[in-house]
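Reading through the structure tokens given below for one structure.
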Amino acid sequence: MPSSDNELDEKLKKIILSHRLVPEHRILSKEEAQKVIEKYCGGDKYKLPYIRKSDPIVKALGAKKDDVIMIIRRSPTAGVSVYYRLVIG
Amino acid sequence: MSFGREIRRYEEQAHRYTISSIKFGVLSPQMIRSMSVVEITNESPRNELDEPMPGGVLDPRLGNPEPNSYCPTCGNDRDHCPGHFGHIDLALPVINVLFAEYIYLILKGVCLNCSHIKIDPKKKQRYIKRAWELRKNLPYMYDLFVKKIVKEASETERCPNCGKENIKIVFEKPHKFFKVTKDGEHIELMPSEIRSVFENIPDEELILYGLYCEAGAQAYGAGRKADCIRPEWFILQALPVPPLTVRPSILHEGGERREDDLTHKLVDIVKVNSKIRKDKTAGSVAMALKNDYDVLQLHVITYFHNELPGIPPATHRGVKRLKTLVQRLSGKEGRFRNNLIGKRVNFSARTVISPDSNLDINEVGVPVDIAKILTVPEVVTPYNIDFLRQLVLNGADIHPGANYIYRQKTKSRHNLRYVTDRSFLANMLEVGDIVERHLMDGDIVLFNRQPSLHRMSMMGHIARILPYRTFRLHLTVCPPYNADFDGDEMNLHVPQNSEAQAEARSLMLVENQIISPRYGAPIIGFTKDYLTSSFLLTRDEKRLDKARLFNLLSIYDEIPKMDMVRNWEKTHSGRLLFSILLPKDFTYSLKSRLEEDVIIKEGVLVKGVIDKRSIGAEQADSVLHRLVREYGNRFGGDFITKFASVLDRYLLSRGFSIGIEDLKLPEEVVEEIKEIEREAHRKVEEVIRQYREGRLELIKGLSPEESLEQKIHEILADARTRAGLKALESLDKDNPLYVMVISGARGTDINVAQLTAMLGQQTIRGERISRGYGKRTLTVFKEGDIGTKARGFIGSNFYRGLNPVEFFFHAISGREGLMDTAVKTQESGYLYRRILYSMEHLQVDHDFTVRTSYGKIVQFVYGEDKVDPARSDHGKPVNVERLVDSISLLYPKGKYAGSKYIDEILSKVKDEIPPSLYEELRTVLMRKRANKEVVREAVRQAVLNYRSSTIDPNTAIGVITAQSIGEPGTQMTLRTFHYAGVKEKNVTIGLPRIIEIVDAKQKPSTPRMTIYLDEEHRYSQEKAEEIANKIKSTKLRDVVLGYSIDLASRRVVFKLDMDALEKVGLTPKDVKRVFSRRYSTELNGDLLAVKPSMKLKEGEETNLDIIVEKLRKAAERFLERHIAGVQGIMRVTVDRVVNEETGEEEWVLYTAGSNLREVLTFEGVDPTRTVTNDIFEIYEVLGIEAARNAIINEIKAVLDEQGLDIDYRHIMLVADLMTREGVIKQMGRYGVVALKESVLAKAAFETTVPVLVKAAVRGETDYLRGPTENIIVGSRVPIGTGSVDVYIRVGSDGGDGKEA
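If you read the protein sequences in the order shown, they are chains V and C. Quick note: the first sequence uses numbering that gives the first Met the number 0, first residue 0, plus one each step. Quick note: the second sequence uses numbering that gives the first Met the number 0, first residue 0, plus one each step.
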């Protein structure tokens, strides 16, 4: 059933994003990303942790190389915690 | 003596430099020659007079002069000559084996004709640009990129540059290269040929092979001057000859000389080299020349590396293998691990330890003899000059004395041992001189016991000089050191300057280490006899008479008011002794080990017994824990010291011992226990009978045999437990066994059971003992006997004694235990080392991020809440419940402040505290209906507590995390499986599972899924089972009754099992559809015919035997075909669990085998909660963040199951580090360690030489920013207090210290 492949992908995408193990991901705007890079890396974005272009979440969000993704984690110590990852090839 | 060179004495220009970086590269032949002081051509090292030959491998110009002579090259004496390189000019070029792999890589990519990379010039330019970018930013991806480019180049038909045909290269390890002609012939590529190809490779293309060339870099703005690593240098034309300092001759007694292994090897090389040179000029036969050439190549190979497969190792007359260059560096005994990481120290001592409960916990007893050798340098000031003069007068032999003095004026050092007139020196003493005085009472020293598994293995102690020859320590510090006194030895170190002493005092002192950073609770506390004593002293019936009470009270410095004492004497004098030590405002309650209340009210123990739960070591939320947290380390240390001495004295005067009589149970109890045993026997016989008759009720997912074993296990384990309880109950309350078990001093109910009731089942790998003579364990049993006694059940106890058969089984089980411990220590030791080297360079930055030494971010906020586990209250920054309770006591009046007020106060601090603390404060304050004052005060104190529990910048958090996971490794079971009764739940646990996780193994050894169901299916067993049947992978075999072979039409006909089909929700048509895609099929009722495609060789068409055989094979293949369900899900069981969030009961599926992607989209499954234990699968389906959470959950699950307490933050850091790169990296040489920026740190871990070679090829630079690198070069580590300096402001506002 080749026609439903896309449908299946859409469904899988939804499932992935709603899974308990997957925290909320958000693509930062250019300005926000630049701010994060300035704040934490003094301009060198490669000091950030990475996420691959091939990562299912990156694909689901449609993020591109060099985007910074903000991750809002549920934390057993702090309650909520924020993490950033740079999309690399 | 001069060889015409300028003589420079290094001493004259004795500057001290700090190494700022180390650059790795490859030496060019020109460089080798220019740094050489002598060309080695003479094949004999010494002449007839045994003197070194000029131009030989021992030429004196290479340095290392004899004692009392000077180096002819530099003019320094033996101690100051650094040694000088010589060189050998090789008659023919030779491959440097270490680079062979890189040579192969280049050969694959380069065109042998034009020396350009076989890639389209336009594309090439793009690649070059990308390569430089990657090299700079993502070195790990650069490696892959190089591989990709070379692969692409090697696969082109023709060279895009010159059009010549691509020639395939074959690499025959370790050093030979061949080109393959069109006819498939192998022609060897000679080193000279390779060299000339390499020489013509343009500089700018080098980056594409992974080589570094700054000339190329310049164009892309990376470098300054031309500085290249040229591939032709991988082929040696000149060989550097290392200085003699590196390979000294050893002089044996009797004047016999032994040369170093390297020297031997060099002689070999020089010999062949001169032979070839002679042959060449003489125009010798090509064959002979080729032979010698091969020998030269082999000698040069073994000179570098003597353990290569395929190369005969060089030996000493065929016996001992020579240790050549690679062997010198690598391995545990190699230069890196043995000499560069493992430094040796002065000012240390080692001796046997013994206990002394009269010491303070912070103290260590040091024997006088040691104190007279270890010294502390003390600068003479006007304030201590008289004191130091006295020490000088005492000299080296009288204890508080001194060994050396250093006089500032004359810059001279005097050894007091050899000075006759010490009073003269004493009088000469001036302010500014330094006296190296003996170690004295009150000095701070470091005390250590190996293995140093965590930071509490090396603590600061205050020295106490004592007679006799052992180190003495307080018994409560045994747990952190893991020390006992059966001959243990410990080491002691004396810090030599005030900075080190101050650090030791404030950071390392025992009392400041009471709380372990592993779990945020005391690791130091009362153990063993202290607990016995405390239990006896504080239990209900205890009354001390006046004399005894006062005797014990006299140990304390302060004696409480008499009326208090008088009262207590009547009520409970034992509890008084404890209560006196408590602060007057201390109120707390908890449960004792017998689950009875222990109540402390305003500094008085009102009720309950003080046992392990209250004051034991490694107990969270104990009285001791509360005291240390709330009244400080100093108070805690003091409490331990004081209470320990009372407990010690009390137990001494009361007396406590155990004898064989104490194990004797009353007759009637013995009879009862025997009855329990008999009953167990009967039950076991019954299940065996059921099993034999085939009517044994099976346990889900288990075979009959497994079910039987499982049941027997349960019956026998239950018997022992009940017998043990019977025994324990029957013991007198004063029975020492009872006292020890109940107080937590030593032993468990199992030990009591084994001593007094029965030993129980002996096991091997968790199973009843079954090996032996074929069908029986011992010849006293009948064959096939699977009863209790024949399989290692022991009904006897240690009191009664074991019979020979029982004794034998016990020995088997005991031996397994010994082997397990031996293996475990090894495995966990290696795990620890890997974790340590993976994390050693992580530290908390000043913005509370966790970074590598080179600035890469691993966590944005340490532990996500900045809290230091060592300053936490069992993981939390603030114990809100307790805080609110204690404040409520101070402000009892006033009515409930209301939620509005609480929110208002809290909102002011919202940004300062983590959300979880905010929420907790809110809920607790509301629940306890706090009044306004309490709300204000509680919030204020919570914020203060939170601030004081945040982690210090520069903390070596990586090391602490590694220790926290590595140290408890030895306590984990090695047993691989966990029998939870249901087979699908039996997963790998303990150490093997942890190793599997941090190894980032692609597939877990026991893949398992936990499948949650949707609303519709989760509440009924039938519906859950319906899904279970559908989801389980169904093979054709599962729905077929049998098959036959239709020879006429060459088909196989399967008879379908209609019932089975219905169970998994399939129709025969569905089955047909699976096969009809590829084969011609026919369905006739329940008969399914499939015609397999058959390849028959000539002459086989008529051979029916062969055809039948082929059809049968095809049928078997079809039977294994997956036709429905989810592939990979092998078994499924249904079980009921309680949903933690809703509290509802629901049905879940446990599976053996895993397939996350398909299960998530399966109808009836709750895709939001369903998980697998396959971390890689989670990464692939759900992404890196989900994988990170999965790693945490999996590690946590193992630790919880093992009962190990490790702070959550440690596990988080491991998971964040493993996933930092966006993919899962293992904690080891191919993963996290390979990503380290420092060459030296990588080389110090594993694969030393390959790491160094790669660094050389890449032209890497080590900037020495991490701890390992700095240990190697011998400078202070830039982590923790090593990354700050202390300055003191002198002048206007006095001397307030300021860190900068």
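For every residue, glycine included, the Cβ atom is placed at its ideal position computed from N, Cα and C. A quick note: this is a predicted structure, and the numbers were derived from the prediction, not measured.
Between the CA atoms of Gln1201 of chain C and Leu695 of chain C - distance to the nearest angstrom
Straight through space, the alpha carbons of Gln1201 of chain C and Leu695 of chain C are spaced by roughly 32 Å.
Three-way DSSP call (helix, strand, coil) for Ile1128 of chain C in this model
In the structure shown, Ile1128 of chain C sits in coil (DSSP, three-state: anything other than H, G, I, E or B).
Using the C-alpha atoms, what's the distance from Gly743 of chain C back to Leu530 of chain C?
Distance from the CA atom of Leu530 of chain C to the CA atom of Gly743 of chain C, rounded to whole angstroms, is 7 Å.
If you count every other CB in all the chains shown that lies within 10 Å of the CB of His315 of chain C, and 16 or more means buried, which is it?
That one is exposed.
CB-CB under 6 Å to Lys224 of chain C, same chain, minus the five flanking residues each way: which ones, in chain order?
At Lys224 of chain C the pLDDT is 47, less than 50, meaning the model places this residue with poor confidence; the figure from the coordinates comes in the next sentence. Cβ neighbours of Lys224 of chain C beyond the five flanking positions: none.
For a test of the three-state rule: what should DSSP assign to Pro967 of chain C, helix, strand or coil?
Per DSSP, reduced to three states, the secondary structure at Pro967 of chain C is helical.
List, in order along the chain, the chain C residues whose C-beta lies closer than 7 Å to that of Ala62 of chain V?
Those within 7 Å of Ala62 of chain V in chain C number zero; the least Cβ separation is about 11 Å.
Just reading off the alpha helix (DSSP H) that Pro1249 of chain C is part of, what are its end residues?
Run containing Pro1249 of chain C: 1247–1257, per the alpha helix (DSSP H) assignment.
Every unbroken alpha helix (DSSP H) within the segment 8–65 of chain V, with a cutoff of 4 residues, ordered by chain
Listed in chain order, the complete alpha helix (DSSP H) runs (minimum 4 residues) inside the segment 8–65 of chain V are 29–40, 55–60.
Are there three or more Cβ pairs, one per stretch, closer than 8 Å when the segment 77–87 of chain V is compared with the segment 42–55 of chain C?
Output reads no: the segment 42–55 of chain C does not touch the segment 77–87 of chain V.
Can you name, in chain order, every residue of its own chain whose Cβ lies under 6 Å from the Cβ of Lys1224 of chain C, other than the five neighbours on each side?
Met1217, Gly1230, Val1231, listed in sequence order.
Quick one: does Arg1168 of chain C have its CB under 7 Å from some CB of chain V?
For Arg1168 of chain C, at least one C-beta of chain V is nearer than 7 Å to its own C-beta.
Minimum Cβ-Cβ distance from Lys29 of chain V to chain C less than 7 Å:
Lys29 of chain V is outside the set of residues whose beta carbon lies under 7 Å from a beta carbon in chain C.
When the cut-off is 7 Å and only beta carbons count, does Ser837 of chain C lie next to chain V?
Chain V contact via Cβ: absent.
Between the Cα of Asn953 of chain C and those of C:Thr1280, C:Lys663, C:Glu171, spot the shortest distance and give me the residue it belongs to.
Just measuring C-alpha positions, the residue of C:Thr1280, C:Lys663, C:Glu171 sitting nearest Asn953 of chain C is C:Thr1280.
Member of C:Gly723, C:Lys1241, C:Pro891, C:Thr526 whose CA lies at the smallest distance from the CA of Met739 of chain C:
Distances from the CA of Met739 of chain C to each of C:Gly723, C:Lys1241, C:Pro891, C:Thr526 were compared; the closest alpha carbon is that of C:Thr526.
Chain V contacts made by the segment 921–945 of chain C, where a contact means CB separation under 9 Å:
Listed in sequence order: no entries.
Please name the residue, chosen from C:Thr1169, C:Lys641, C:Phe176, that lies closest to Met189 of chain C on a Cα-to-Cα basis.
Minimum Cα distance to Met189 of chain C is reached at C:Phe176.
From Thr380 of chain C to Glu435 of chain C, what distance separates their C-alpha atoms?
Taking the straight line from one Cα to the other gives about 14 Å.
Quick check on Gly42 of chain V - is its C-beta less than 7 Å from some C-beta in chain C?
Chain C, which has no Cβ nearer than 7 Å to the Cβ of Gly42 of chain V, makes this no.
Which term fits Ala1047 of chain C, buried or exposed, when burial requires 16 or more other beta carbons within 10 angstroms of its beta carbon?
By the 16-neighbour rule on beta-carbons within 10 angstroms, Ala1047 of chain C is exposed.
Can you check whether the C-beta of Lys46 of chain V is within less than 7 Å of a C-beta belonging to chain C?
Yes, because at least one Cβ of chain C sits closer than 7 Å to the Cβ of Lys46 of chain V.
List, in chain order, every chain V residue whose beta-carbon is nearer than 9 Å to that of Ser915 of chain C.
Under the 9 Å cutoff, chain V gives Ser74, Pro75, Thr76, Ala77, Gly78, Val79.
Per-residue burial, Val893 of chain C [other beta carbons within 10 Å of its own, 16 or more giving buried]
In the sequence as displayed, the identity of residue 893 of chain C is Gly instead of Val. Around the beta carbon of Gly893 of chain C, fewer than 16 other beta carbons sit within 10 angstroms, so the residue counts as exposed.
Residues near Leu307 of chain C by beta carbon distance below 6 Å, same chain, minus five either side
Pro173, listed in sequence order.
Determine which residues share a DSSP beta bridge with Asp872 of chain C and list them.
In the DSSP output, where bridge partners are listed per residue, Asp872 of chain C has C:Lys875.
Local Cβ density within 10 Å of Ser1079 of chain C, reported as buried at 16 or more and exposed below that
Of the other Cβ atoms in all chains shown, fewer than 16 fall within 10 Å of the Cβ of Ser1079 of chain C; this residue is therefore exposed.
Does any residue of chain C bring its CB to less than 7 Å from the CB of Arg25 of chain V?
No, because no Cβ of chain C sits closer than 7 Å to the Cβ of Arg25 of chain V.
According to DSSP, what are the bridge partners of Arg1050 of chain C?
Per DSSP, C:Asp1045.
Closest to Val21 of chain V by CA distance: which of C:Ile1183, C:Val1272, C:Glu617 is it?
Closest in C-alpha terms to Val21 of chain V, from the list C:Ile1183, C:Val1272, C:Glu617, comes C:Ile1183.
Classify Val958 of chain C as helix, strand or coil using the three-state DSSP reduction.
Val958 of chain C falls in the helix class under three-state DSSP.
Alpha carbon to alpha carbon, what distance is there between Leu646 of chain C and Phe463 of chain C?
Note on residue identity: the sequence assigns Arg, not Phe, to residue 463 of chain C. So the two alpha carbons sit approximately 22 Å from each other.
Only counting the same chain, and skipping five residues up and downstream in sequence, which positions put a Cβ closer than 7 Å to that of Leu390 of chain C?
Within its own chain, the residues whose Cβ lies closer than 7 Å to the Cβ of Leu390 of chain C, once the five positions on either side in sequence are excluded, are Pro399, Gly400, Ala401, Val434, Arg436, listed in chain order.
I'd like to check one pair, Arg648 of chain C with Leu551 of chain C: are the Cβ atoms closer than 7 Å?
Judged by beta-carbon spacing, Arg648 of chain C lies within the 7 Å limit of Leu551 of chain C, meaning their Cβ atoms are closer than that value.
Taking DSSP as the reference, what is the three-state secondary structure of Asp731 of chain C?
Asp731 of chain C falls in the coil class under three-state DSSP.
State yes or no: is the beta carbon of Asp8 of chain V nearer than 7 Å to at least one beta carbon in chain C?
It does not: the Cβ of Asp8 of chain V has no partner Cβ on chain C nearer than 7 Å.
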